[in-house]
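Worksheet for the structure shown next.
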Amino acid sequence: MTAPVESSLWRRLFEPKDLQSLAPGTKVLTYAALLGWTFVVLFPLYWLLITSFKLPVQVNDGPDYLPFVDFAPSGHAWRYVFVELGNDTLRPYLNSVVIAFASTLLAVLFGAFAAYALVRIQYRVKLGLILGFLLILAAVVVATAAFGLPWQLSLAVGVALFLLLVVTLGPRLRRAVGNEDIQFWIISNRILPPVVAVLPIYIMFQQMRLLDTHAALILTYMAVNLPIAVWILRDFFAGIPIDLEESAQIDGASKLRILFTIVLPLAKPGLAATFLLVLILAWNEYLLALFLSTADAQTMPLLVAAQNATRGPQWWYMSVLIIIMIAPVVAMTVLLQRYIARGLLIGAVKG
Amino acid sequence: MIRKALVAGGLALGISSLAVVAPAAAGDYDGVTVNVMTFTGPQIAEPLQRRAPDFEKLTGAKVNVITVPFSDLYTKLLTDWATGTNSVDAAVLAPQWMVDYVGPGYLEDLTDKVAADSALAVDDIAPFFREFSQQYNGRTYLITLDGDFQMVYYRRDLFEEAGLSAPATWDDYVAAAKALHGKDMDGDGQADYGSCIAKKRNAQSYWMITSIAASFLQSQGTSQGAFFDTGDMKPLVNNEGFSAALDVYLETTKYAPPDEINLDVGDTRSLFTTGRCALTLDWGDIGTLAIDPENSKVVDKVGAVMLPGSKKVLDRESGKLVACDAGTCPHAIDGVNRAPFAAFGGWSGGINKAADPKVKAAAYDFFSFMSQPAQSNVDVTIGITGFNPYRLSQFENKENWIKAGMSEAAAADYLGAIQASLNSPNMVLDLRIPKNQAYQQVVLDTALARLLAGEIDKQKAMAAIEEGWVELNEDNGVEDQLKFYKATLGQ
Amino acid sequence: MTATLQEVPSSRLSEWLDRQIAQLLILPTVLILLGLSIFPMLISAYLALSKFSLAPGGYELRYVGFRNFRKLLFGSQQYHFLGTFGALSWFEWLLLLAAAAAVVFGFLRYLRRGRVGVVGILGRLIAASVALGLLLLLLITLNAPGFPGSLVVTLFYVLAGVAVQFALGLGLALLCAQQIRGRNFFRVVFFVPLMVTPVGIAYAFRMLADMGKGPFAPIWQLFGLAEFAWSADPWSARLVVLIGDTWQWTPFLFLILLAAIENQPREQVEAARIDGANAWQVFRDITWPAIAPVAATVVLIRLIEAFKIIDLPNILTNGGPGIATESMTLHAFIAWRTQDLGGSAAVGYMLLFVAVISCVSFFNFVVRPARRHEA
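Now the structure itself:
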C-alpha cells in the first residue's frame, strides 16, 4: 500500500462514498461471504431433494448431481411414501402436527404468564420452604419406590405435610431467593438429559393410562420446552415500556386485563418468534416420542429414523420424509418472517 | 440322531404340506385384535402385513402390526412388558432376547400348542431351530419365522478367474481377500476390495467376531458352547483361540474398504451386491438380494459357503491351540473344524403371557399360519422380506427359488451352504444368558471398536473383554448365569 | 410461594384473582416443572443409586449405593467416562500451575473486595475446583498414550462447537446488518437448518460425508484422499460431528445476534463514523457493548443444549472409531439400551453436575455482569 496507485485503488474499493452506502469492494466481499454460506446451508437440502428422486442403484453408484442430466429422476420413493405407506405416513404426520402445535401453544401461553410475572412482580420465596419441599418430595418418592406405599397415599401425606410446613414455619423463615434465581431454576430444568428422565415419565403416564396418546406427548413437550419459552419471552416483556401498564392500572384495570389487552398484543412479535422456535423443537423431538408412543401417537422423527434397518439406510425414503417434514415449518417461517424480525428486535433491546 | 430327524422331517413334509387349514375356523376370533410388534421396514413387517388380511378372512382376527425402529425394539418391548403396560400382545423378536423375557415370565409357554398343531409341521423345521432356537430349557416359547445364521459369500466369477476355491479355513479367507484386493470387480475401472465385514460400533461387529472365533473355540458339538466354560463360567475370550480369531479380524481390515470401521451390515450388503467386494460375511439375506435384478450387479456371480473353519482348536484346559484330531475335532470336515454360527438366531414369534387368552390363541394361530409351509416357503424366496429358509422342505424344493429368479446352480449352491450349516452338529448357538446385551453389545463390542481404532492392543482387548464378562457374571451371580447358560445349551 | 404485592381488600372474584395474580401467573409453570422435570429427576436419582433387573411379573430395583458412580470414576468404566490417562509434560504442568495461580488470584481479589458471603465463597470454590479438574482431565487424556472418554469428548463438542458457532453467527450477523439488499432472504434461508430434525441432519451428513458415493467424492479423489476414511480417525470423526452440529446451530446464534445488532444505537454509530472511526473501532466501542447482554444469554441457552448432543454422533459413527466420538448423552443412551438403567442414570447425573456447574458459572460470571453493565 505504499504506491499511490495502489492506495487509491484500495480507497476506491474499500472506502464508502458516504455513510449510507457500502464501498464496492466491501460489497463484493460481503455478498460473496453471504452467498457462500447460503450455499453451505442449501446444498445439503438440495442433495436431500435430488436423492429423493433417485433409484437405489443411482445412489449406490456414486454422485450424480443434476436431474435429467446426470440421472433420470424417478418418483419411486415418493410413491412408496405416499401410496404404499399411505396411512402409515399420514398418521404420524397428523400426530406430529397435533402434538407439536398443541404443546407449543400451551408452552407459550404458560411461558408468557410466568415470564410476565417474573418481569413485573418481585418474588421472594423462602429458602427453608424449598428445602422442606424437596425433603418431603424425596420422602414421598422413597416411600413409594422403596417401601411400596400406594402413590396416591404418599402424595396426599406429602401435600399435607408441606401445607403444614408453610403455615407453621413459613412466616418465620428469613432467607429467600429472588426472581433471578427462579429464572435460573426454570432454565436449569432444560439441562437434564432426556435419557435420564424418560423412564420415570414413562411410568408416570403408564399409571395414568396415558401412554401412546397425544396427551402424554403434549404434556411432556410442553414441560421440556416451557423453560425456553419463559426465558425468551422474559426478554421481550422486559422491553415493553411500563408506562402503558401503569396508566391502565390507574384507570382501574385488573392485572389480568392488563396482561391480556395491553401486554400480550404488544408482545405479539415476540410471541410469534418464541412460538416458532418452540414449535421447531417439539416438531423434531425423537427420544421422548420413542418411548411415550407405541402405535397410535407415533410422530415423524420416528418414521425417519426407522428408514435405517437391517438393509442399510433407505436414503431415498428418508429424503422424502425429511423434505415433507421441513416443508411446513419453512412455510411458517416465511409467513412469520416479518414478526420474527421485529420480534427479536424488541426482545433484544433489553436482553 | 439329527440324520434321523432329517428323514423324519422329509417324510412329515409330504403330509404337512397338504395340511394348510388353520386350526381355527372362520369367525372364531371375530372382534379379536392382536397387536404384533416388530421393527420398521419391509423385512419382517411386510410379510406380516401382507398375510394379515388373509388370516382375518380365515379366522376373523384382526392383526395389527406395530413397528418401531430396529435398534429400539428390544427396549421398547421390554418396557412395555416389564412395567405391566402390556399394550403389545405378541412380537416378532430375536430368540437371543428370549431368556430376558422367559425368566421373568413375560412369554407364553407354547410347548403344548406346538405339539398339538399338525398344520405347523414342526418336524419340517430344521432341527437346530426346533430344538435350540425355539426352545429354552426344553420348553418351546417361540415359533421360528426366519432362519438366521452366518455364512461366507464370495464372488464365484472372480474366484474362478483367479483359480481360487471357496475358503475352507479362515487362512484361506484371508489369502483370497489378499489375492483379490485392489482388483476392479464391478467394471468401473476402479480398485475394489478383498473383504467387507461389518465392523461398525454398536452394530453387528460382535456377531462377526464370533463367527470367526467359533471354529477356534467350539469343536465338540452345539452343547459345548463357545462363550464360557460350562464348568466354571470362565469366559473363553482370553486365550490362543480368541487371539487367533482377532488376528483374522484385524488382518481382513487390510483388504477392506478404508471406512470399514464405520460400515454396518446394511452397508456391506450394498457394497457386495453392487459388486465392490470379493468376500463378505453375512446372514442369509445376500442370497435373495443378489438375485434382485434392479439393485444387484452380481446376479449369478455369487457363491455361498458354510463359515470357514480352523485346523487348530482351543484346548480349554491349557488355553492353547491344539491340532485337530479325532479326539479334539470329532466333527471335522477334511481335517478342518467348522462351526457355523447361528448369530441372532432368526426372527421368531413370541406371545405375551399377560395378554387375554383369546388374543393369545389368535396370536398363536397367526404365527403358526405364517410359519406353515404354504406361506413361509413362498415368503423365504422373496428378496424384500428378511425371511431366510429354515424348513427342510425349503431346501428340498428348489422350484420356488427358481421362480424367484435364481438359476438352478445358484439355488443349489446357496441352499447347499445353508443346509450344510444347519446339518452341522457343531453349530454354535448365540449367547442367550440374561443381560447378553451387556456382554456382547457393550463389553465385547466396545473392546473390538477400541482395538480397531488402535486405542488398545490385542492383549489389552482380550483382557478387557474377560474382565468385563467376569464382572457381569459376578454382578448377576456366577452360579445363576452358569445355570442359564447350560439351560440354553440343553445341558 | 409468597410474594410481596400491595393488597387491596375486596370481596369480588375478579379482585380476588387480581390479588392472587402473582401466584396464579407463575403457578402453572412451577407445577408443570415440578411434575415433569423435578419429579422424574428425583426418581432418576434413586435409579442412579440402584441396580435394575427384570423380575417375575415386572422389574426390581436394588439399592447399591454409589457403586454406579464409583464404576465411572474409578472402576471398569473409567476409560469410557473419564478416559485413559497419559503422562503430562513439564510444559503442561506449568500451564496447569498458571491456571491454578490465576484462579487463586481471582479468588483473593474477590475476598479483598469485601461483600463476601458463604454462598459466594462456596460457589466460587466449587466452580474453580471443577474448572481446574476438567482442565487437568483434558490435558492428561489428550496426551498419548492417554485417550479421552465421553466427558472430555462432550466438553470438546461444547467448547469448540459453541465457540465456532458463535464466531460464525456473529460474523454472518455483522455482514447481514450492513446496507445490503435481500436481508430478509438471507434471514429466512439461514434459519432453515434449525428446522431439520437432528436425526435427519445426521443422516444427511452421513450421505454428504461419504467419500465414495457422496457429492464431494470427486474432490476427494482429486486430492488423492479417496482412500482416506474420516470415520477411522478420531479427530476427523469428531470434526465431522462438529460440522454437522455447526450447520444446525449457527442459525440460532445468527438470528438473535442479528436482531441485537440491528438494535444498536444508530445515532452513536453514525456519529462515530463521522468522527472517522473505522469499522473495528465502531464494533469494539459501540456494537459489542450493545449486544453483549444478548450474546451472553444466547450463548447460555446454546451451552445448555450443546451438552446434550446425541443424534449426530449416534447416527454418523455410533460413537466410533473406538469411543472417540461418544458424547455423554450417547454414553447414557447406550447403557440404557442394554438395561443398565442405573449406570445410565449415573452418567446422566454426572452430565447434569458438569453442565449445571458450567452453566451456573457462566450465568454468574458472564451473563449477570453483562446485564448489570447494561443496566
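Residue numbers (this note's numbering), protein chains in the order written: chain V, 9 to 359; chain G, 52 to 542; chain F, 231 to 605.
Beta carbons: idealized from backbone N, C-alpha and C, even for Gly.
Looking at the backbone, the Cα of Ile473/F and that of Ala390/F are separated by about 11 Å.
By the Cβ rule, the segment 282-290 of chain G does not count as touching the segment 284-291 of chain V, because fewer than three pairs are nearer than 8 Å. Contact annotation for Asn346/G against chain V: Leu63, Pro64, Val65, Asn68 [CB-CB distance below 9 Å, chain order].
If you check each beta-carbon in the segment 312-338 of chain G against every beta-carbon of chain F, the ones closer than 7 Å belong to Ile312, Asn313. For Arg501/G, the nearest CB of chain F lies under 7 Å from its own CB, placing it at the interface with that chain.
Residues Arg242, Phe245, Ala246 of the same chain have their beta carbon placed closer than 7 Å to that of Val127/V, with the five preceding and five following residues left out of the count. C-alpha of Ile312/G to C-alpha of Ala471/G: approximately 31 Å in a straight line. Nearest to Trp55/V by alpha-carbon distance, out of Phe446/F, Thr555/F, Ala600/F, is Phe446/F. Following the DSSP letters along the chain, one finds Thr130/G inside the alpha helix (DSSP H) bounded by residues 124-133. With respect to the 7 Å criterion, Leu231/G and Ala329/G are classified as neighbours on the basis of their beta carbons. Listed along chain G is no residue with a C-beta nearer than 7 Å to that of Phe311/F; the closest approach is about 12 Å.
When beta bridges are read from the DSSP output, Pro75/V appears opposite Phe79/V.
For Leu533/G, the enclosing alpha helix (DSSP H) stretches over residues 529-539. Partner residues in the beta bridge of Cys247/G, as assigned by DSSP, are Thr331/G. Contact annotation: in the segment 185-212 of chain V, residues whose CB is within less than 9 Å of a CB in chain F are Glu188, Ile190, Phe192, Trp193, Ile194, Ile195, Ser196, Asn197, Arg198, Ile199, Leu200, Pro201, Pro202, Val203, Val204, Ala205, Val206, Leu207, Pro208, Ile209, Ile211, Met212. Contact annotation: Ser427/G and Ile194/G have beta-carbon atoms that are not nearer than 7 Å. Of the other Cβ atoms in all chains shown, fewer than 16 fall within 10 Å of the Cβ of Met216/V; this residue is therefore exposed.
In the displayed model, Val353/G falls within a strand according to three-state DSSP. Apart from sequence neighbours up to five positions away, the residues of its chain that approach Leu581/F with a beta-carbon distance below 6 Å are Met558, ordered along the chain. For Phe121/V, the enclosing alpha helix (DSSP H) stretches over residues 95-128. Ser138/G belongs to the set of residues whose beta carbon lies under 7 Å from a beta carbon in chain V. Taking the Cα of Tyr306/G as reference, the smallest distance to any Cα among Ile248/G, Glu107/G, Arg252/G, Thr325/G is reached at Ile248/G.
By the neighbour-count definition (other C-beta atoms within 10 Å, threshold 16), Phe537/F is a buried residue.
By the criterion of at least three beta-carbon pairs nearer than 8 Å, the segment 434-448 of chain F is not in contact with the segment 331-347 of chain V. Inter-residue distance for Ile240/V and Ala120/V is about 9 Å (C-alpha atoms, whole angstroms). Interface criterion not met: the Cβ of Pro104/G is under 7 Å from no Cβ in chain V. Proximity of the segment 258-272 of chain G to the segment 354-361 of chain G meets the contact definition, three or more beta-carbon pairs being nearer than 8 Å. DSSP places Met580/F in the helix class (H, G or I) of the three-state scheme. Residue Val349/G holds the alpha-carbon nearest to the alpha-carbon of Thr325/G among Ile342/G, Asp343/G, Pro309/G, Val349/G.
Identification of residues in the segment 444-455 of chain F having a C-beta nearer than 9 Å to some C-beta of chain V yields Gly444, Pro445, Phe446, Ala447, Pro448, given in sequence order.
Burial state of Gly437/G is buried, judged by a 10 Å Cβ sphere holding 16 or more other Cβ atoms.
Note on geometry: alpha-carbon atoms of Gly278/V and Leu398/F lie some 24 Å from one another.
By the Cβ criterion, the segment 253-263 of chain V is not in contact with the segment 294-313 of chain V, since fewer than three pairs of Cβ atoms, one from each stretch, lie closer than 8 Å. Using a C-beta cut-off of 8 Å, the segment 206-216 of chain V makes contact with the segment 263-278 of chain F, since at least three inter-stretch Cβ pairs fall below that distance. Counting along the chain, Asn298/F sits inside the alpha helix (DSSP H) bounded by residues 297-303.
Here Leu381/F is buried, its C-beta having at least 16 other C-beta atoms within 10 Å.
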